[in-house]
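Colleague: Under the working numbering, the first residue of the sequence shown carries the number 4, and numbering increases by one thereafter. Below you'll find the structure I mean.
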Amino acid sequence: MTKKIQSALISVFYKDGLDTIIKKLHELGVTIYSTGGTQQFIKSLHVPCIAVESLTSYPSILGGRVKTLHPSVFGGILGRRENEADAKEMQQYNIPEIDLVIVDLYPFEETVSKTKDDAAIIEKIDIGGPSMIRGAAKNHKHVAVVGSKNQYAFLERLLNEQNGETTLEQRRLLAAKAFEVCAHYDVAISKYFTPGEGEYFLESVPLPKHMRYGENPHQHAVFYGNLNEYFDQLNGKELSYNNLVDVDAAVLLIQEFNETTFAIIKHTNVCGISSCGTVKESWDNALAGDPESAFGGVLACNGPIDKATAEAINEIFFEVLIAPSFKEDALGILKSKKNRILLQQKKKLDYKQQYKSLLNGALVQQHDEGNYAEWKEVGGRATTAEEKENLKFANLVCKHLKSNAIALIKNKQLVGKGCGQTSRIDSLRQAIEKAKQFKFDLRGAVLASDAFFPFNDCVQIAHAEGIAAFIQPGGSIRDKDSIDYCVENKLAMVLTGTRHFKH
């Protein structure tokens, strides 16, 4: 059903881009009703405008809290044109039909981000705006609604191309967008009042970005979020679904470290990482840990990428490189491959919760923060100062490997890792095999485990390879077996009290 717009109600906070719409409505002979600042804005364009107060016979009251909440306004929005009773009542009470509603909402989220003043935040909870938007969306059979500046361009195109007429399909599309706007607004308000666990799983993330495909080419995928808040993309193709997953893993890992560190991520697992005095040394050692797995990986560093490092990195194929800054001569080298993605990170990731969809529901948990809850030395000797630093490093690396996870570290370099295995001893065997594959001497290395040792076999096997210091959370009913072995063989063992499972 096509309907011509003959009257419009406009009340907005964001006016950018609205002037051409208003002028077009005037050109089409549309009667415009408005309030407050929007009314003044329309008049400044030399377009006639009727004050809403002339409909309601009431001024704006209660400091602007009540302006449009009146039957003369909502009757014009909600009146069913084909309903005889509605038409008779609208005529009886001199309620004009309103064919177009352009209303946006008070900037609640923006206010929350800028102030802790509860009173100021409360005042930015819009009442009339959502009511008008919902009313117009409900009555979309007769009324077109624009609930956000994001729809200004679409409305302007309709006005220009269709001479002020809209189809039912178009009005329904606008209604759907309007309900989305209201839903997002209500979620933001609800989360402000209920910062912890509520009765519902409420999340509303704007800015959808359609991926080329999902985890696999036959899967559709959309990313919701603002990547520009955290990164400037300096080069390369569009980030894929798998790129985003690995970038998240890489950033969460690298921000654990304060000293200069370079990490290589493959399928969310760290396959190379090192902390050294310079970025170049850190890169060389990270790559040496597993140069095979580094192929096609995601690289992350917490220091500036210089020319020497860029030249070294440029020798291998990788998908993404993340760093806080790049020297100009380094960028010139790295941009030699047009598809290579370079991300300059602007700030740390700071979310406190993680979500996972499963079993037709949502699983929510606190983010795994920190390294260890306690440092309890239980072995046959105390850790040396060097071992202690390596054990701290190893425990953080292990935290970012898929369970069951084992990390072997020497001189703050990952020299062997086992992850994603169904038994801890298999992860250890994998880690040792990796170390031997790349000719690492495990004498003097340390071992981290993401969870307790259920038996003493892991400690025995590692000891046979020359490993003499261990870190694990403890918590097994057979902790004593591993501890006793360490005591008998003068090996160092630290219990942290913090498990780092990652599934």
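From the three backbone atoms N, C-alpha and C, an ideal C-beta is built for every residue, glycine too.
Which first and last residues belong to the beta strand (DSSP E) in which T34 is found?
Modeller: Indexing the sequence shown from 1 puts residue 34 at position 31. Start and end: T34 to S37.
Colleague: Taking the Cβ atom as the reference point for each residue, do S485 and F456 lie within a distance shorter than 8 Å?
Modeller: Position 482 of the sequence shown, counting from 1, holds the residue named residue 485. Position 453 of the sequence shown, counting from 1, holds the residue named residue 456. It is a contact, given that the beta carbons lie within the stated cut-off.
Colleague: Among A297, I276, K310 and S37, which one has its Cα closest to the Cα of C304?
Modeller: The sequence position of residue 304 within the sequence shown is 301, counting from 1. When each option's Cα is compared against that of C304, the closest is I276.
Colleague: How far does the beta strand (DSSP E) with D235 in it extend, from its first residue to its last?
Modeller: For the purposes of this step, residue 235 is identified with residue 232 of the sequence shown, where counting begins at 1. Its beta strand (DSSP E) spans residues F234 to N238.
Colleague: Give, in chain order, every unbroken run of the alpha helix (DSSP H) that is at least 4 residues long and sits entirely within the segment 330-361.
Modeller: With a minimum length of 4 residues, the continuous alpha helix (DSSP H) runs that stay inside the segment 330-361 are 331-337.
Colleague: At least one CB of chain D closer than 8 Å to the CB of H466: is that the case?
Modeller: No chain D is part of this structure, which consists of one protein chain only.
Colleague: To which residues of the same chain is P3 closer than 6 Å at the C-beta, ignoring the five residues directly before and after it?
Modeller: Residue 3 falls outside the range modelled here, since the chain spans only 4 to 506, and no answer is possible.
Colleague: How many angstroms separate the CA atom of A179 from the CA atom of A140?
Modeller: If you number the sequence shown from 1, residue 179 lands on position 176. If you number the sequence shown from 1, residue 140 lands on position 137. So the alpha carbons of these two residues sit roughly 7 Å apart.
Colleague: Do three or more CB pairs link the segment 372-391 to the segment 486-505 at distances below 8 Å?
Modeller: These segments touch.
Colleague: Within a Cβ cutoff of 6 Å, which residues of the same chain sit near C274, ignoring the five residues on either side of it in sequence?
Modeller: For the purposes of this step, residue 274 is taken as residue 271 along the sequence shown, with counting starting at 1. Taken in chain order, the residues that qualify are I267, D293 and S296.
Colleague: According to DSSP, T169 sits in a beta bridge with which residue or residues?
Modeller: As a first step, residue 169 must be located in the sequence shown, where it is residue number 166. Answer is K6.
Colleague: According to DSSP, is S518 helix, strand or coil?
Modeller: Residue 518 lies beyond the residue range present for the chain, which begins at 4 and ends at 506; the question has no answer from this structure.
Colleague: Which of the three DSSP states, helix, strand or coil, is assigned to M214?
Modeller: The residue you call residue 214 lines up with position 211 of the sequence shown. Coil at M214, not helix or strand.
Colleague: Measuring alpha carbon to alpha carbon, tell me which residue in A186, L247 and T197 is nearest G217.
Modeller: If you number the sequence shown from 1, residue 217 lands on position 214. For the residues A186, L247 and T197, the minimum Cα distance to G217 belongs to L247.
Colleague: Determine the DSSP secondary structure at Q440, reduced to helix, strand or coil.
Modeller: Sequence index remark: in the sequence shown, residue 440 carries index 437 (1-based). Here Q440 sits in helix by DSSP.
Colleague: Hey, E159 and T23 are a contact pair by Cβ (cut 8 Å); roughly how many whole angstroms apart?
Modeller: Here residue 159 refers to the residue found at position 156 when the sequence shown is read from its first residue. Here residue 23 refers to the residue found at position 20 when the sequence shown is read from its first residue. Yes, E159 and T23 are in contact; Cβ-Cβ is about 6 Å, under 8 Å.
Colleague: Quick check on N393: does DSSP put it in helix, strand or coil?
Modeller: Locating residue 393 in the sequence shown gives position 390, where the first residue counts as 1. N393 falls in the helix class under three-state DSSP.
Colleague: Quick one: using the 10 Å Cβ neighbour count with 16 as the cut-off for buried, is G79 buried or exposed?
Modeller: Locating residue 79 in the sequence shown gives position 76, counting from the first residue. So G79 ends up on the buried side.
Colleague: Taking contact to mean 3 or more Cβ pairs, one atom from each stretch, closer than 8 Å, check whether the segment 284-293 and the segment 255-269 are in contact.
Modeller: Contact holds: three or more Cβ-Cβ distances are below 8 Å.
Colleague: Measure the C-alpha to C-alpha separation of L58 and K91 and round it to an integer number of angstroms.
Modeller: Working through the sequence shown from its first residue, we reach residue 58 at position 55. Working through the sequence shown from its first residue, we reach residue 91 at position 88. About 18 Å.
Colleague: Since F111 is in the alpha helix (DSSP H), which residue starts that stretch and which ends it?
Modeller: Numbered from 1 along the sequence shown, position 108 holds the residue referred to as residue 111. Per DSSP, F111 belongs to the alpha helix (DSSP H) from F111 to K117.
Colleague: Using the Cβ count rule (16 or more neighbours within 10 Å means buried), how would you classify L345?
Modeller: Here residue 345 corresponds to residue number 342 of the sequence shown, with the count starting at 1. By the 10 Å Cβ count, L345 comes out buried.
Colleague: Looking at the structure shown, is I80 part of a helix, part of a strand, or coil, going by DSSP?
Modeller: Reading the sequence shown from its first residue, position 77 is the one you call residue 80. The answer is helix: DSSP assigns I80 an H, G or I state.
Colleague: Per the contact definition of three or more C-beta pairs closer than 8 Å, is the segment 167-181 in contact with the segment 124-131?
Modeller: Touching, no.
Colleague: Report the three-state DSSP secondary structure of V149 (helix, strand or coil).
Modeller: The residue you call residue 149 lines up with position 146 of the sequence shown. In this structure, V149 counts as strand in the three-state DSSP scheme.
Colleague: Decide yes or no for the touch test of the segment 42-51 against the segment 104-113: beta carbon pairs closer than 8 Å, at least 3 of them.
Modeller: No: the two stretches stay apart, fewer than three of their Cβ pairs being nearer than 8 Å.
Colleague: Would DSSP call T264 helix, strand or coil?
Modeller: By 1-based counting over the sequence shown, the position of residue 264 is 261. Here T264 sits in strand by DSSP.
Colleague: Could you give the DSSP three-state label for Y227: helix, strand or coil?
Modeller: As a working note, residue 227 is residue 224 in the sequence shown. If DSSP states are grouped into helix, strand and coil, Y227 belongs with the strands.
Colleague: Which whole-angstrom value describes the C-beta separation of I105 and A186, a residue pair presumed to lie in contact below a C-beta threshold of 8 Å?
Modeller: As a first step, residue 105 must be located in the sequence shown, where it is residue number 102. As a first step, residue 186 must be located in the sequence shown, where it is residue number 183. Actually they do not touch by this definition, with Cβ atoms about 19 Å apart.
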